[in-house]
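Just add 787 to the spot in the sequence shown (first one is 1) and you have this note's numbering. Heads up, the beta-carbon is just placed ideally off N, CA and C, and yes, glycines get one too. Keep in mind that this is a model prediction, so the values were computed, not measured. Only one structure is covered here, and it is reproduced in the block below.
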Amino acid sequence: MPVGNNRVEMMKKQTIVATMTLGLAFTMPAWATQGDAEAGKQKAVSVCAACHGPDGNSTAPNFPKLAGQNEDYLKISLIRYRSKERINAIMNGQAATLTDKEIADLAAYFASQKGLQVKY
Ligand code: HEC
């Protein structure tokens with residue numbers, strides 16, 4: 788086989804690998820989005836604070852505390868409110884327009900606040 792053909796074969800393989808990598812990036816599930824606590828703070832303080840408190844330490848018992856809650860738990864809760872797998876009239880409305888990035892950022896923010904402590 789002439790040398791040139793090997794190069795073509797290699798380029799084909801590289802293209803396949805690159806395409807597969809791209810495919811993975813685009814099919815990333817919502818919960819796999821990396822959160823940025825600092826970015827989540829703004830929305831948390833301006834929107835969620837009304838019920839959950841600015842740092843997630845709500846004072847009313849009917850609004851769950853979010854401060855210090857497990858990050859993945861917060862993320863999956865918001866994803867399920869958004870998809871209405873978890874039903875609550877208030878939170879379905881709150882989560883309806885949140886993007887995956889906003890959900891990840893909000894979860895990172897509330898999880899990083901001092902509040903609930905999970906004991907292992
Ligand atoms: C108008 C009041 C209100 C606002 C504003 C609000 N929430 Fe909630 N939130 C609630 C109530 C009530 C519940 C409990 C719902 C239930 O029983 O499922 C709740 C539940 C949650 C839960 C589930 C907690 C758990 O322990 O399971 C998360 C997470 C959450 N809210 C995040 C947010 C975020 C993030 C925002 C801002 C984008 C927000 N909420 C804005 C009232 C509110």
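By the C-beta density criterion, residue 871 is exposed, having fewer than 16 other C-beta atoms within 10 angstroms. In terms of side-chain proximity, the C-beta atom of residue 866 is found no nearer than 7 Å to any non-hydrogen atom of ligand 1. In this structure, ligand 1 has a non-hydrogen atom nearer than 7 Å to the beta-carbon of residue 877.
Taking residue 827 as the centre and dropping the five residues before and after it, the same chain places the C-beta of 892, 893, 895 and 896 closer than 6 Å to its C-beta, in chain order. If you draw a straight line from the Cα of residue 801 to the Cα of residue 832, it comes to about 46 Å. The alpha-carbon separation between residue 867 and residue 885 amounts to approximately 12 Å. Pairing residue 901 with residue 855 gives a Cβ-Cβ distance under 8 Å.
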